Amino acid sequence: MRAIAIGIFLIFSAFVSHAAVYESAVDVSFPDEIGGLPFVGRQGFPEKELGISLTYERALLRGSVFIYDGGLRSLPSGTGSEAVRRHFDQVIGDVKQMETSGQYRAVTFVGPAVTTTSYPGCGPQFLAREFVMVTREGVTRPSFAYLTVLNGNFVKLRVSYLATGNHNRQEVERFVMQLRKVLGKCPA
Numbered sequence: 126m127r128a129i130a131i132g133i134f135l136i137f138s139a140f141v142s143h144a145a146v147y148e149s150a151v152d153v154s155f156p157d158e159i160g161g162l163p164f165v166g167r168q169g170f171p172e173k174e175l176g177i178s179l180t181y182e183r184a185l186l187r188g189s190v191f192i193y194d195g196g197l198r199s200l201p202s203g204t205g206s207e208a209v210r211r212h213f214d215q216v217i218g219d220v221k222q223m224e225t226s227g228q229y230r231a232v233t234f235v236g237p238a239v240t241t242t243s244y245p246g247c248g249p250q251f252l253a254r255e256f257v258m259v260t261r262e263g264v265t266r267p268s269f270a271y272l273t274v275l276n277g278n279f280v281k282l283r284v285s286y287l288a289t290g291n292h293n294r295q296e297v298e299r300f301v302m303q304l305r306k307v308l309g310k311c312p313a
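Following our numbering, the numbering of the sequence shown begins with 126 at its first residue and continues without gaps.
Set out below in structure tokens:
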């Protein structure tokens with residue numbers, strides 16, 4: 126009897142720990158870990174159009190997921206609409222503004238332009254841009270911004286890590302690839 130109770134507890138624990146939070150705006154249950162990064166919190170913003178953010182973090186690697194409609198209605202899913210491209214220009218402008226406002230000492234974009242991901246398999250694609258930020262203290266943080274639309278909402282990702290840490294682009298890709306599968310409700 127005790128073995129059965131322990132077995133039921135373990136199955137229940139695995140089920141409960143699998144979903145960290147359900148977001149009805151995109152009809153997705155986000156797990157307690159993505160790409161090796163544990164879920165550390167959810168923040169709702171006071172203005173409805175700003176939506177929510179979910180943060181996944183381990184040591185010096187952080188992945189933030191923002192889900193919001195920006196006050197816009199009828200956003201088509203994916204990356205092909207003019208609205209998503211205009212909004213990504215604004216996202217990149219916000220990154221540039223962090224240097225102008227003094228939040229960062231320097232912000233340098235990597236590569237010539239915005240790209241559209243072409244990940245294989247299930248899950249959405251993103252507009253993407255890589256950049257490097259240097260804090261006022263001189264700490265370098267490689268960062269990546271991603272944007273797509275899902276169920277009429279922008280889904281923006283910001284992934285960054287400390288350049289002196291043991292994190293790298295492969296860990297960023299792992300987080301983004303696994304998040305794609307969560308967003309696309311793909312089979313494991």
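Backbone N, C-alpha and C fix where the C-beta goes; we use that ideal spot for every residue, glycine too. What you are looking at is a predicted structure, and each value in this text was computed from that prediction instead of being measured.
| Asked | Found |
| --- | --- |
| Over what stretch of residues does the alpha helix (DSSP H) that includes K310 continue unbroken? | Looking at the DSSP string, K310 is not in any alpha helix (DSSP H), and its letter there is neither H nor E. |
| Would you call the CB atoms of Y286 and P267 closer than 8 Å? | yes |
| By the three-class DSSP mapping on this structure, what secondary structure does G277 have? | coil |
| Quick one: complete alpha helix (DSSP H) runs, 4+ long, within the stretch 181 to 232? | 207 to 225 |
| Return the CA-CA distance between R187 and V146, expressed in angstroms with no decimal places. | 18 Å |
| So, at 8 Å on beta carbons, what are the nonlocal neighbours of G227 in its own chain, with the 5 sequence-adjacent residues on each side left out? | R261 |
| Spatial neighbours of V220 within its chain, please: C-beta separation below 7 Å, excluding the five flanking residues on both sides. | V232, F256 and A270 |
| Using 8 Å as the Cβ pair cut-off and three pairs as the minimum, do the stretch 183 to 201 and the stretch 272 to 284 touch? | yes |
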